[in-house]
Amino acid sequence: ELKVEQNPLFLSMQEGKNYTIYCNYSTTSDRLYWYRQDPGKSLESLFVLLSNGAVKQEGRLMASLDTKARLSTLHITAAVHDLSATYFCAGGFGGTSYGKLTFGQGTILTVHP
Amino acid sequence: EAGVVQSPRYKIIEKKQPVAFWCNPISGHNTLYWYRQNLGQGPELLIRYENEEAVDDSQLPKDRFSAERLKGVDSTLKIQPAELGDSAVYLCASSRGQGARGGKETQYFGPGTRLLVL
Chain H
8 ELKVEQNPLF
18 LSMQEGKNYT
28 IYCNYSTTSD
38 RLYWYRQDPG
48 KSLESLFVLL
58 SNGAVKQEGR
68 LMASLDTKAR
78 LSTLHITAAV
88 HDLSATYFCA
98 GGFGGTSYGK
108 LTFGQGTILT
118 VHP
Chain X
134 EAGVVQSPRY
144 KIIEKKQPVA
154 FWCNPISGHN
164 TLYWYRQNLG
174 QGPELLIRYE
184 NEEAVDDSQL
194 PKDRFSAERL
204 KGVDSTLKIQ
214 PAELGDSAVY
224 LCASSRGQGA
234 RGGKETQYFG
244 PGTRLLVL
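Protein chains in written order, with my numbering: chain H, 8 to 120; chain X, 134 to 251.
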């Protein structure tokens, strides 16, 4: 059974600083997703990582995947207040287990001046 | 394109009462998911549909929960009777399906139904 752990669970950042959220997963996963959730809102897809060494960037966020280490990272560059949200990573599979995403606990990010 | 639509957005009921949630997926999305998200946690899958067939309901508490997806489009999730521990946000998501792009489709989530059982 796939288990996904994120750290840190809480992250308070100053605007302009850089930081990384880590996502470890327990068994081989075919794909790794990152989602963002604003308070009281639903989940917004950020990235889908499909292969070892995959790197994707959108604005101030960059996600990477190391399947050998079973680790994905979400790097935040020069944080701004608008990035304050909860970030989830989720592992998934193909085949008969297609569609079953296992989510981490989430990282609550607060960016302050 | 329109996103996943869910209703109601909020529901407050007393324990032992029934409750139902409705979901309309993104047009053309064959796969539909129901998740439950407890406070401070990530979503957990309850059931997955491929068209009208429930292909994974292993996490659905079948003694009180039921779901249907008639005609392979809209879906309803029901709880009867509700218990205090059922208080959570119930999220519906959809994707194109396993056949699309080698089965690596992103799941798109609806706004959720926030359930409070008193």
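Each residue gets a CB set at the ideal place from its N, CA and C atoms; glycine is no exception.
Own chain residues within Cβ distance below 6 Å of residue i, not counting five before or after
{"i": "K10 of chain H", "result": "S33"}
{"i": "R43 of chain H", "result": "E51, L53, A92, Y94"}
{"i": "H82 of chain H", "result": "T27, M69"}
{"i": "T117 of chain H", "result": "S19, S91"}
{"i": "S255 of chain X", "result": "In the structure as shown, chain X starts at 134 and stops at 251, and residue 255 of chain X therefore has no counterpart that could be examined."}
{"i": "R140 of chain X", "result": "One detail in the question is off: residue 140 of chain X reads as Ser in this sequence, not Arg. Taken in chain order, the residues that qualify are W155."}
{"i": "Y182 of chain X", "result": "L165, R202"}
{"i": "L72 of chain H", "result": "L39, L56, A61, S79"}
{"i": "N184 of chain X", "result": "N163, G205"}
{"i": "T5 of chain H", "result": "What the structure shows of chain H is the stretch from 8 to 120, and residue 5 of chain H is not part of that stretch, so it cannot be assessed."}
{"i": "K24 of chain H", "result": "A86"}
Where residue i meets chain X, residues with beta-carbon distance less than 8 Å
{"i": "Q64 of chain H", "result": "The premise fails here: Q64 of chain H is roughly 17 Å from chain X at the closest Cβ pair, so nothing lies under 8 Å."}
{"i": "K152 of chain H", "result": "Nothing can be reported for residue 152 of chain H, as the shown portion of chain H is limited to 8 through 120."}
{"i": "G111 of chain H", "result": "G175"}
{"i": "F17 of chain H", "result": "None at all; the shortest Cβ gap to chain X is about 11 Å."}
CB-CB length for residue i against residue j, believed under 8 Å
{"i": "L78 of chain H", "j": "Y26 of chain H", "result": "That belief does not hold up - the Cβ atoms of L78 of chain H and Y26 of chain H are roughly 16 Å apart, past 8 Å."}
{"i": "Q192 of chain X", "j": "L179 of chain X", "result": "5 Å"}
{"i": "R38 of chain H", "j": "V62 of chain H", "result": "Actually they are not in contact, since the Cβ atoms of R38 of chain H and V62 of chain H sit about 14 Å apart, beyond 8 Å."}
{"i": "Q64 of chain H", "j": "G175 of chain X", "result": "Their Cβ separation, rounded to whole angstroms, is 24 Å, which puts Q64 of chain H and G175 of chain X out of contact at 8 Å."}
{"i": "A215 of chain X", "j": "P151 of chain X", "result": "7 Å"}
Interface residues of chain H facing residue i [CB-CB closer than 8 Å]
{"i": "G245 of chain X", "result": "S49"}
Cut-off 8 Å between Cβ atoms - residues of its own chain near residue i, not counting five sequence neighbours on either side
{"i": "P120 of chain H", "result": "Q21, E22, H88"}
{"i": "R67 of chain H", "result": "I83, T84, A85, A86, V87, L90"}
{"i": "K107 of chain H", "result": "G99, F100"}
Sequence-distant residues of the same chain with beta carbon closer than 7 Å to residue i, five excluded per side
{"i": "L217 of chain X", "result": "K148, V250"}
{"i": "S36 of chain H", "result": "L9, G98, G99, F100"}
{"i": "P15 of chain H", "result": "T114"}
{"i": "Q213 of chain X", "result": "P151, R197"}
{"i": "A221 of chain X", "result": "R169, Q170, N171, L248"}
Within chain H, the residues that residue i reaches when beta carbons sit closer than 9 Å
{"i": "E224 of chain X", "result": "Note that residue 224 of chain X is Leu in the sequence shown, not Glu. The answer, in chain order, is S49, L50."}
Exercise for the section: Kindly confirm or deny that the segment 239-249 of chain X and the segment 41-55 of chain H touch, where touching means at least three C-beta pairs closer than 8 Å. Expected result: Judged by Cβ distances under 8 Å, the segment 239-249 of chain X makes contact with the segment 41-55 of chain H, as three or more pairs qualify.
Handout entry: the segment 223-230 of chain X in contact with the segment 153-167 of chain X per 3-pair CB rule at 8 Å
Key = Between the segment 223-230 of chain X and the segment 153-167 of chain X, the count of Cβ pairs shorter than 8 Å is three or higher; the stretches touch.
Problem - Members of the segment 172-200 of chain X near chain H, C-beta cut-off 7 Å - result: Answer set for the segment 172-200 of chain X: Q174, G175, P176, L178, R181, D189.
Handout entry: Residues of the segment 150-169 of chain X with Cβ closer than 7 Å to any Cβ of chain H, in chain order
Key = For the segment 150-169 of chain X, the set of positions with a beta-carbon nearer than 7 Å to some beta-carbon of chain H reads T164, Y166 in chain order.
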